[in-house]
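Colleague:
Protein chains: 2
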Amino acid sequence: MDRYRIEPGKKFKLSDYSPDDLGDFEGKKQKGNEKLAEYRAEIDRLQELLYCEHKHRLLVVFQAMDGGGKDGTVRAVFDGVNPQGVRVTSFKVPTEIELDHDYLWRIHAQTPGKGEIVVFNRSHYEDVLVVRVHNLVPKEVWKKRYKQINDFEQQLAEEGTTILKFFLNISLDEQKERMLERLEMPEKRWKFNPGDLDERKLWPEYMSAFEDAIEKTSTKWAPWYVIPANRNWYRNLVVASVIADTMRSWKMQYPDPQIDVELYKKQLMES
Amino acid sequence: MDRYRIEPGKKFKLSDYSPDDLGDFEGKKQKGNEKLAEYRAEIDRLQELLYCEHKHRLLVVFQAMDGGGKDGTVRAVFDGVNPQGVRVTSFKVPTEIELDHDYLWRIHAQTPGKGEIVVFNRSHYEDVLVVRVHNLVPKEVWKKRYKQINDFEQQLAEEGTTILKFFLNISLDEQKERMLERLEMPEKRWKFNPGDLDERKLWPEYMSAFEDAIEKTSTKWAPWYVIPANRNWYRNLVVASVIADTMRSWKMQYPDPQIDVELYKKQLMES
Chain U
902 MDRYRIEPGK KFKLSDYSPD DLGDFEGKKQ KGNEKLAEYR AEIDRLQELL
952 YCEHKHRLLV VFQAMDGGGK DGTVRAVFDG VNPQGVRVTS FKVPTEIELD
1002 HDYLWRIHAQ TPGKGEIVVF NRSHYEDVLV VRVHNLVPKE VWKKRYKQIN
1052 DFEQQLAEEG TTILKFFLNI SLDEQKERML ERLEMPEKRW KFNPGDLDER
1102 KLWPEYMSAF EDAIEKTSTK WAPWYVIPAN RNWYRNLVVA SVIADTMRSW
1152 KMQYPDPQID VELYKKQLME S
Chain W
902 MDRYRIEPGK KFKLSDYSPD DLGDFEGKKQ KGNEKLAEYR AEIDRLQELL
952 YCEHKHRLLV VFQAMDGGGK DGTVRAVFDG VNPQGVRVTS FKVPTEIELD
1002 HDYLWRIHAQ TPGKGEIVVF NRSHYEDVLV VRVHNLVPKE VWKKRYKQIN
1052 DFEQQLAEEG TTILKFFLNI SLDEQKERML ERLEMPEKRW KFNPGDLDER
1102 KLWPEYMSAF EDAIEKTSTK WAPWYVIPAN RNWYRNLVVA SVIADTMRSW
1152 KMQYPDPQID VELYKKQLME S
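Residue numbers (our numbering), protein chains in the order written: chain U, 902 to 1172; chain W, 902 to 1172.
Listed below in structure tokens is the structure:
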């Protein structure tokens, strides 16, 4: 699945990445979902190792346009993984207290501890996306943030955190379909926000902002993956495979506490 | 499953509650696990309603002796529930900063927000259990805590939080079996802590502390359930059924945002 990882330091054009791409996966939705179930079981197994080895930290970042499937991906990939080992943090519009601090303050507070998987549903990237598109701070402020973010993520990585960043790439047409569905289905209507229509008008500005952010912050220590997301099953499959492959590559081991097992067994039997 | 709920204001004796009890459940492990899967699917469905109705808050507290199955219950009941809607907080030995505050400080900070399920793996009850058994504070201090806890929980409840407290009740013999298993299985050995053997010697003191805590803090607004926990499948089943029944009783509804659907559909089609 390396084809979706954005090479650091190279020019990146979103138009080279089709939201409809299915790679060379042989099979359709059903086979994709079977494969997803396998990856999910593997992530579950690896999470237990992660927890008890207590050495690595994993940070997974999701960004997307409205309807891109952030919620759905979190659910599809992490449902069935021990809820005690996964923490999902959704970053909303910053509160007054958060705005009184720098934009990385609330982010740093939520990064994973040892043995933990943390999922960011939106993240500090909003501070070079929505903030840029809506001119919430002057250009000379947000322009500096790409380097700040790279430095911040490098520090996390050097201290032992693995960072995976996913942009869920849907098309403008697919967004329309999904927004229509929200309007039409009574049990999805609560998800529709009239403000989303205004954001939709800014699609080209958002795409430029995503292009810049991904190009400037896809690094060796915190790569971006641009995931074809028009088809949910394929999106889920690619994300799950990247996470499983990454965790597998750590070659984790159950800790061996080097205790005198026979002594403790004897004590226990007598108790 | 009301049989396991402890009536407020009545004398409570742990010896009246057998860790081996199977109630009048007709069937064994296999049927129990099938039923559990149904409850879990229902909790998943209800959690989505909880999230989008954005009205209730649910706090689930687990307490038990070592080996009582806190981790296993969290996993069995909440695996498969959207990880975005469930947050599990494990309270360990308090840090220096936490000890500089009152014992409810770190607890209050982790209580659920609207639409959220929070699970406490251990809780403020440690401050009338381990703290009492080991004399970490004088008796005149911990004695006051039962009322303090009731008042605290009442305030949470009055402000809209539903609180369910589960004591996972295993026998002294069953604990021995489980500790032996941890010693014998290499992939479970990391869970064995030699200090647990010392705690085991204090079993009677812990049982008295649990008895007092449950009797004094099972309230209308935050009831204790004493769950027979020698058999994992039955323990999981009872806990899941209490949670599902509680959430079902709220009769939650998908919000109806009262928007002009046709207007927005038209705008969307033109965009």
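Virtual Cβ for every residue (Gly too), placed ideally from N, Cα, C.
Since this is a predicted model, take the numbers as computed values, not measurements.
#1: Would you call Ser916 (chain W) buried or exposed, if buried means 16 or more other Cβ atoms sit within 10 Å of its Cβ?
#2: Should Lys853 (chain W) go down as buried or exposed, given a rule of 16 or more other Cβ atoms within 10 Å for buried?
#3: By the criterion of Cβ-Cβ separation under 7 Å, what are the contact partners of Gln931 (chain U) in chain W?
#4: Below 8 Å, can you find three or more Cβ-Cβ pairs linking the stretch 1092-1107 of chain U to the stretch 1162-1172 of chain W?
#5: Which stretch, first to last residue, makes up the beta strand (DSSP E) that contains Ser991 (chain U)?
#6: Please name the residue or residues paired with Leu1065 (chain W) in a DSSP beta bridge.
#7: For the 8 Å Cβ check, are there 3 or more pairs between the stretch 957-969 of chain W and the stretch 1024-1033 of chain W?
#8: Do you know whose CA, among W:Leu1037, W:Ala1114, W:Gln948, W:Lys1092, lies nearest Pro909 (chain W)'s CA?
#9: Exposed or buried, Ala1110 (chain W), counting other C-beta atoms within 10 Å across all chains shown (16 or more means buried)?
#10: Considering Cα atoms alone, identify which of U:Arg1079, U:Lys1066, U:Leu923 is closest to Pro1124 (chain U).
#11: Use the C-beta contact count for Ile1008 (chain U): other C-beta atoms within 10 angstroms, 16 or more gives buried, fewer gives exposed.
#12: Mind pulling the alpha helix (DSSP H) runs of 4 or more residues that sit fully within the stretch 988-1071 of chain W?
#13: I'd like to know whether the C-beta of Ser1172 (chain W) is nearer than 7 Å to at least one C-beta of chain U.
#14: Taking Cβ-Cβ distances shorter than 7 Å, what residues in chain W pair up with Glu1088 (chain U)?
#15: Let's see if you can read the secondary structure: which residues bound the beta strand (DSSP E) around Val1127 (chain W)?
#16: Mind reading off the beta-carbon distance from Ser1150 (chain W) to Tyr940 (chain W)? Whole number of angstroms is fine, and I expect it under 8 Å.
#17: Closer than 7 Å, CB to CB, is Gln964 (chain W) near chain U or not?
#18: Out of curiosity, what's the CA-to-CA distance linking Glu999 (chain W) and Trp1006 (chain W)?
#19: Under 8 Å between beta-carbons, which chain W residues line up against Arg976 (chain U)? List them in chain order, please.
#20: Determine the burial state of Met1148 (chain W): buried for a count of at least 16 other Cβ atoms within 10 Å of its Cβ, exposed for fewer.
#21: Any Cβ of chain U within less than 7 Å of the Cβ of Tyr1165 (chain W)?
#22: Considering only the beta carbon of each residue, do Val978 (chain U) and Val1140 (chain U) sit closer than 7 Å?
#23: Between W:Ile944, W:Leu951, W:Gly970, W:Glu943, which lies nearest to Asn1131 (chain W) when the distance is taken from Cα to Cα?
#24: Look at the Cβ atom of Asn1094 (chain W), then the Cβ atom of Leu937 (chain W), and state whether they are nearer than 7 Å.
#25: Taking a cut of 7 Å between CB atoms, which residues from the stretch 1069-1087 of chain W lie near chain U?
#26: What does Arg906 (chain U) pair with, by DSSP beta-bridge criteria?
#27: What is the rounded straight-line gap between the Cα of Gln1055 (chain U) and the Cα of Pro1087 (chain W)?
#28: For Pro1158 (chain W), decide whether its Cβ has a neighbour in chain U, counting only Cβ atoms nearer than 7 Å.
#29: Note down, in chain order, each residue of its chain lying with its Cβ closer than 8 Å to the Cβ of Pro1156 (chain U), except the 5 sequence neighbours on either side.
#30: Please confirm if Trp1043 (chain W) has its CB atom under 7 Å from at least one CB of chain U.
#31: Name the chain U residues that come within less than 9 Å of Met988 (chain W), Cβ to Cβ?
#32: Please list the partners that Leu979 (chain W) has in chain U, where partner means a Cβ-to-Cβ separation under 7 Å.
#33: If the cut-off is 8 Å on Cβ atoms, which residues from the stretch 1093-1110 of chain W count as contacting chain U, listed in chain order?
#34: Going along chain U in order, which residues have a C-beta closer than 9 Å to the C-beta of Asn1022 (chain W)?
#35: Contact defined as beta carbons within less than 8 Å: I believe Thr1012 (chain W) pairs with Leu1057 (chain W). What is the distance between those atoms, to the nearest angstrom?
#36: Assign Val987 (chain W) to one of two classes, buried (16 or more other C-beta atoms within 10 Å of its C-beta) or exposed (fewer than that).
Modeller: To lay it out plainly:
#1: Position 15 of the second sequence, counting from 1, holds the residue named residue 916 (chain W). It is exposed - the Cβ of Ser916 (chain W) has fewer than 16 other Cβ atoms within 10 Å.
#2: Beyond the ends of chain W as shown, which are 902 and 1172, falls residue 853 (chain W); an answer cannot be given.
#3: Residue 931 (chain U) sits at position 30 when you count from the first residue of the first sequence. Listed by position along chain W, the residues whose Cβ is nearer than 7 Å to that of Gln931 (chain U) form an empty set, because the closest Cβ is around 20 Å away.
#4: These segments touch.
#5: Within the first sequence, residue 991 (chain U) is the residue found at index 90, counting from 1. 987-991 is the span of the beta strand (DSSP E), which, as asked, contains Ser991 (chain U).
#6: Working through the second sequence from its first residue, we reach residue 1065 (chain W) at position 164. DSSP output for Leu1065 (chain W) lists W:Val961 as bridge partner(s).
#7: The stretch 957-969 of chain W vs the stretch 1024-1033 of chain W: in contact.
#8: Taking the first residue of the second sequence as position 1, residue 909 (chain W) is located at position 8. Distances from the alpha-carbon of Pro909 (chain W) to those of W:Leu1037, W:Ala1114, W:Gln948, W:Lys1092 put W:Ala1114 closest.
#9: Position 209 of the second sequence, counted from the start, is the residue given in the question as residue 1110 (chain W). Buried, because 16 or more other Cβ atoms sit within 10 Å of the Cβ of Ala1110 (chain W).
#10: In the first sequence, counting from the first residue as 1, residue 1124 (chain U) sits at position 223. Considering only alpha carbons, the answer is U:Lys1066.
#11: Position 107 of the first sequence, counted from the first residue, corresponds to residue 1008 (chain U). Classification for Ile1008 (chain U): buried.
#12: The stretch 988-1071 of chain W is shown to contain whole alpha helix (DSSP H) runs of 4 or more residues at 997-1000, 1006-1009, 1031-1034, 1040-1059, in chain order.
#13: In the second sequence, residue 1172 (chain W) corresponds to position 271, counting from 1. By this cut-off, Ser1172 (chain W) is an interface position.
#14: Locating residue 1088 (chain U) in the first sequence gives position 187, where the first residue counts as 1. Ordered by position in chain W, the residues that pass the 7 Å Cβ test against Glu1088 (chain U) are Tyr1155.
#15: Here residue 1127 (chain W) refers to the residue found at position 226 of the second sequence. Per DSSP, Val1127 (chain W) belongs to the beta strand (DSSP E) from 1125-1129.
#16: Taking the second sequence and counting its residues from 1, the one referred to as residue 1150 (chain W) is at position 249. Taking the second sequence and counting its residues from 1, the one referred to as residue 940 (chain W) is at position 39. Your pair Ser1150 (chain W) and Tyr940 (chain W) does not check out as a contact, with CB atoms roughly 14 Å apart and the cut at 8 Å.
#17: Working through the second sequence from its first residue, we reach residue 964 (chain W) at position 63. Judged by the 7 Å Cβ criterion, Gln964 (chain W) is not in contact with chain U.
#18: Within the second sequence, residue 999 (chain W) is the residue found at index 98, counting from 1. Within the second sequence, residue 1006 (chain W) is the residue found at index 105, counting from 1. So the two alpha carbons sit approximately 7 Å from each other.
#19: Mapped onto the first sequence, residue 976 (chain U) falls at position 75. The contacting residues are Asn983, Pro984, Gln985.
#20: Here the question's residue 1148 (chain W) lines up with position 247 in the second sequence. Buried, because 16 or more other Cβ atoms sit within 10 Å of the Cβ of Met1148 (chain W).
#21: In the second sequence, residue 1165 (chain W) corresponds to position 264, counting from 1. Closer than 7 Å: yes.
#22: Residue 978 (chain U) sits at position 77 when you count from the first residue of the first sequence. Residue 1140 (chain U) sits at position 239 when you count from the first residue of the first sequence. Yes.
#23: Here residue 1131 (chain W) refers to the residue found at position 230 when the second sequence is read from its first residue. From the listed residues W:Ile944, W:Leu951, W:Gly970, W:Glu943, the smallest Cα separation to Asn1131 (chain W) is found for W:Gly970.
#24: Your numbering for residue 1094 (chain W) matches position 193 in the second sequence. Your numbering for residue 937 (chain W) matches position 36 in the second sequence. At a Cβ-Cβ threshold of 7 Å, Asn1094 (chain W) and Leu937 (chain W) do not count as neighbours.
#25: For the stretch 1069-1087 of chain W, the residues whose beta carbon sits under 7 Å from a beta carbon of chain U are, in order, Lys1077, Met1080, Leu1081, Leu1084, Pro1087.
#26: Within the first sequence, the letter at position 5 stands for residue 906 (chain U). Beta bridge pairing from DSSP links Arg906 (chain U) with U:Tyr1126.
#27: Residue numbering aside, residue 1055 (chain U) sits at position 154 when the first sequence is read from its first letter. Residue numbering aside, residue 1087 (chain W) sits at position 186 when the second sequence is read from its first letter. Roughly 36 Å between the two C-alpha positions.
#28: On the second sequence, position 257 is the one that residue 1158 (chain W) refers to. Cβ-Cβ to chain U under 7 Å: yes for Pro1158 (chain W).
#29: Position 255 of the first sequence, counted from the start, is the residue given in the question as residue 1156 (chain U). Annotation for Pro1156 (chain U): Cys953, Glu954, His955 place their beta carbon closer than 8 Å to its own, counting only its chain and skipping 5 residues before and after.
#30: To locate residue 1043 (chain W), count along the second sequence from 1; it is residue 142. By the rule that beta-carbons nearer than 7 Å mark a contact, Trp1043 (chain W) does not touch chain U.
#31: Within the second sequence, residue 988 (chain W) is the residue found at index 87, counting from 1. According to the sequence displayed, residue 988 (chain W) carries Arg and not Met. For Arg988 (chain W), the chain U residues whose C-beta falls within less than 9 Å of its own C-beta are Pro984, Arg988, Val989, listed in chain order.
#32: Counting from 1 along the second sequence, the entry for residue 979 (chain W) is found at position 78. First, the amino acid is wrong: residue 979 (chain W) is Phe here, not Leu. Result: Pro984.
#33: So the list reads Phe1093, Pro1095, Leu1098, Arg1101, Lys1102, given in the order they occur along the chain.
#34: Residue 1022 (chain W) sits at position 121 when you count from the first residue of the second sequence. Below the 9 Å Cβ cutoff, chain U contributes Gln985 as neighbours of Asn1022 (chain W), in chain order.
#35: For this step, residue 1012 (chain W) is matched to residue 111 along the second sequence. For this step, residue 1057 (chain W) is matched to residue 156 along the second sequence. Their Cβ separation, rounded to whole angstroms, is 6 Å, which keeps Thr1012 (chain W) and Leu1057 (chain W) in contact under 8 Å.
#36: Taking the first residue of the second sequence as position 1, residue 987 (chain W) is located at position 86. By the neighbour-count criterion, in which a residue is buried when 16 or more other Cβ atoms sit within 10 angstroms of its Cβ, Val987 (chain W) is buried.
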